[in-house]
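Here's the structure we're looking at; comments come further down.
Chains as they are written, first to last, in our numbering: chain G, 11 to 591; chain P, 136 to 471.
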């Protein structure tokens, strides 16, 4: 019997500009115990369909046609109270924002108990305790986690709590909405393994919503490809990945950057890059920089020199908590090092005078992760571009400012006529992220620090935005520090890669060696954790998750750095550490 | 639930003492910047009573000597600070020679009674209404009626006070026109006195409630809208929790946190009170005391009242800071 049967489902959102058909005539069925992936870009209707199954469509959306049958029950005919009782007991939802999905003022187990009580009435306290302890253990969390508050848990732990919640009443259907999108690859693999494991154990159907073809390939049995609310392709995952029919599916598959695969960057060789360095003086230099937060060392002492003469892209990769963003904020001068010095063109960033400091800000620009939070919503786009340009004294005339704005918009692939007079909220995430690159470009910086610039945009746009950033290197002679957890993109764009693990440099060298043929066990673990859109490639089993954790502990004890060769113009040194050959 | 970390506690105590010290110093400096000489004013008042004052210069000199105005500034300041610690603000110049402390002591309980009651009622009503404005399950009537009631928020309290007075005291005669208790009852802990106090306090309290609940309601509405969009509220719904439980435990409980801080700040201000409300109802509280002192340029009283206001604010904020780790478990880690 089917866990869920959707027939001819249509969902409309009436707006002032007319009706938006979020989902049109969608039909599919999910068997009990099967896993199906909904894949598509944001706005393709995948989450909307899932929410309709729970009668939780955001206002003013409504089901305008079709039917939803959940194991013999017509969901759309259920009254409010009946629907409430159906949620979690028969169909559960594992949300996307694991970081924020738990009530901050309640302990974890209280949030498991209130769910049980809402469906089964008041129960004996020891019985509740038993059930919450059991379900937490089933997702690989110790029972003491129940006594903690959400802010005391890591992202991966919170996501596991959400999975525990999703299975606590053994539902027939589990809907997981991008459950791992906020997690790094290693944690992602563990969490997905846990989810598959408990789902198989209770025999529920699973809808996995996502946009990552690799993750889908490793996680589901069937795949449903959605585009603009229409189901464009549906079938067994192997059939779709190996022989996609619809051009959109082909696009989705080909836009996944692969380690060692074909580059998504055009290998066009333009004019030789402009030399913008100061002779003999490194552009950026770390002198035994170390950073402590209280008793924790976020960054172990390291030194490097980055030459500005030939622009380069240096990637810094690692999991969350590896110290990579700390490194970025130290370079930007936002975060003074605990010991050591950061030099920009020979000047100590921490001791700059007003003029030097202004010059530093002009020459070192940043692109951050969240394109939504980077713009002041009160100003139009042109203001965001114009303001720093004028502030740093580049503007000579209005016409010149206009020309420059148009030039940078074109450079990042945006149409200036459409973009400049808009407000930030009228733009998509991808457009905003390109604008941030454009804004940095306005000042013709010598150094760009890009901290996870594409982790919040759709997969199909990532390649384009990275290409925009990559082009800056040759076209404008900008050196780039690319901070990311995504090894595949680091492989393609960078000239040199530094792998960070708990503030240590685990491995460093040219990408073809470090990522293409990793020697350090941590780099190997990172590479192994990447979900490949290839069904014959193993993603590891649940036992390896435990082994991984042990491996990581062993590595923390050993902590050796593997150097894999050098490139001209970049010099890296790790102080007081045993260096493996 | 939380416990208060020592570093956090020390931090707050130091902040409290520092605030009080800075405030006391400002209160001392500001009147010294005024061109008005209180001794002159006293003399003027005497002249107005007696027609002419003989030996005016001598008396002026004597007054300055008595008030310590001839001492060097440093001596004045040190004397002032030591006095402030013991709540000694000297003598009122307008009701000479009543000590400021006893004037304040007489007025303070009335204001605290009236204002604490009205601001607490306002806080609860305002926040509940604000929450209901956002809650999707609220009856339609509520969603229409509350914004309409907000009109009152734009009325100055003096108008609402006069309006209430006219309707309920002058026309309907349900409540007395002015005063804080009946002339026929003896102040003390007797039922008839308490009854009289409540009877007299009702209209001024109502005047304050109807014009200030909108502040809380609008603030709460904004906070609730933010909380409504939080992932944990979506997940609470997906968990199949009962709507009222979600409203209380997931939404209001989180949205109220900033409001509690705002409440502490208001507690301090309540001492200064609704000066005009106290004035029109001839209510013998701190507001009226301050109002009269400003009219009379009675500097010691102004200083005393200001000091009490700041002390109350600082103490209220301090108490909320101590309370916070218990209502928001995240605080422990940020403090210290």
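For every residue, glycine included, the Cβ atom is placed at its ideal position computed from N, Cα and C.
Residue from the options whose Cα sits closest to the Cα of residue i
i: residue 417 of chain P; options: P/316, P/431 and P/162; result: P/316
i: residue 94 of chain G; options: G/167, G/41 and G/125; result: G/125
i: residue 449 of chain G; options: G/295, G/177 and G/378; result: G/378
i: residue 454 of chain G; options: G/403, G/426, G/442 and G/435; result: G/403
i: residue 49 of chain G; options: G/119, G/219 and G/139; result: G/219
i: residue 247 of chain G; options: G/537, G/346 and G/259; result: G/259
i: residue 504 of chain G; options: G/482, G/512, G/514 and G/516; result: G/482
i: residue 463 of chain P; options: P/319, P/445, P/444 and P/395; result: P/395
i: residue 129 of chain G; options: P/154, P/392, P/373 and P/397; result: P/373
i: residue 294 of chain G; options: G/83, G/257, G/337 and G/304; result: G/337
i: residue 262 of chain G; options: G/54, G/13 and G/318; result: G/54
i: residue 341 of chain G; options: G/417, G/167, G/355 and G/574; result: G/355
i: residue 227 of chain G; options: G/549, G/572 and G/557; result: G/549
i: residue 67 of chain G; options: G/169, G/251, G/118 and G/33; result: G/33
i: residue 43 of chain G; options: G/78, G/423 and G/210; result: G/210
i: residue 363 of chain P; options: P/243, P/310, P/324 and P/384; result: P/384
i: residue 535 of chain G; options: G/547, G/562, G/543 and G/523; result: G/562
i: residue 272 of chain P; options: P/331, P/386 and P/226; result: P/386
i: residue 253 of chain P; options: P/334, P/302, P/345 and P/431; result: P/345
Interface partners of residue i on chain G, CB under 8 Å
i: residue 377 of chain P; result: 94 and 128
Below-7 Å beta-carbon distance, residue i vs any chain G residue
i: residue 464 of chain P; result: yes
i: residue 469 of chain P; result: Only weak support exists for where residue 469 of chain P lies, its pLDDT of 46 falling under 50; the coordinates are left without a value.
i: residue 143 of chain P; result: no
Minimum Cβ-Cβ distance from residue i to chain P less than 7 Å
i: residue 111 of chain G; result: yes
i: residue 105 of chain G; result: yes
i: residue 97 of chain G; result: yes
i: residue 13 of chain G; result: no
Chain-ordered chain P contacts of residue i [CB-CB under 8 Å]
i: residue 124 of chain G; result: 374, 376, 380 and 384
i: residue 64 of chain G; result: 373
Residues that residue i contacts on chain P, provided the C-beta gap is smaller than 9 Å
i: residue 159 of chain G; result: 464 and 465
Neighbour list for residue i in chain P, Cβ cutoff strictly below 7 Å
i: residue 115 of chain G; result: 388, 389, 463 and 464
Whole-angstrom C-beta distance between residue j and residue i, which should lie under 8 Å
i: residue 122 of chain G; j: residue 39 of chain G; result: Not a contact, Cβ separation roughly 31 Å.
i: residue 194 of chain P; j: residue 178 of chain P; result: 6 Å
i: residue 332 of chain G; j: residue 508 of chain G; result: Actually they are not in contact, since the Cβ atoms of residue 332 of chain G and residue 508 of chain G sit about 10 Å apart, beyond 8 Å.
i: residue 217 of chain G; j: residue 459 of chain G; result: That belief does not hold up - the Cβ atoms of residue 217 of chain G and residue 459 of chain G are roughly 39 Å apart, past 8 Å.
i: residue 214 of chain G; j: residue 185 of chain G; result: Actually they are not in contact, since the Cβ atoms of residue 214 of chain G and residue 185 of chain G sit about 10 Å apart, beyond 8 Å.
i: residue 365 of chain P; j: residue 110 of chain G; result: 6 Å
The stretch 359-389 of chain P: positions lying closer than 9 Å to chain G by Cβ:
365, 366, 367, 368, 369, 370, 371, 372, 373, 374, 375, 376, 377, 378, 380, 384, 385, 388 and 389
Scan the stretch 167-195 of chain G for residues whose Cβ lies nearer than 8 Å to a Cβ of chain P and list them as they occur along the chain.
172 and 175
Taking Cβ-Cβ distances below 7 Å as the criterion, which residues of the stretch 516-527 of chain G are in contact with chain P?
none
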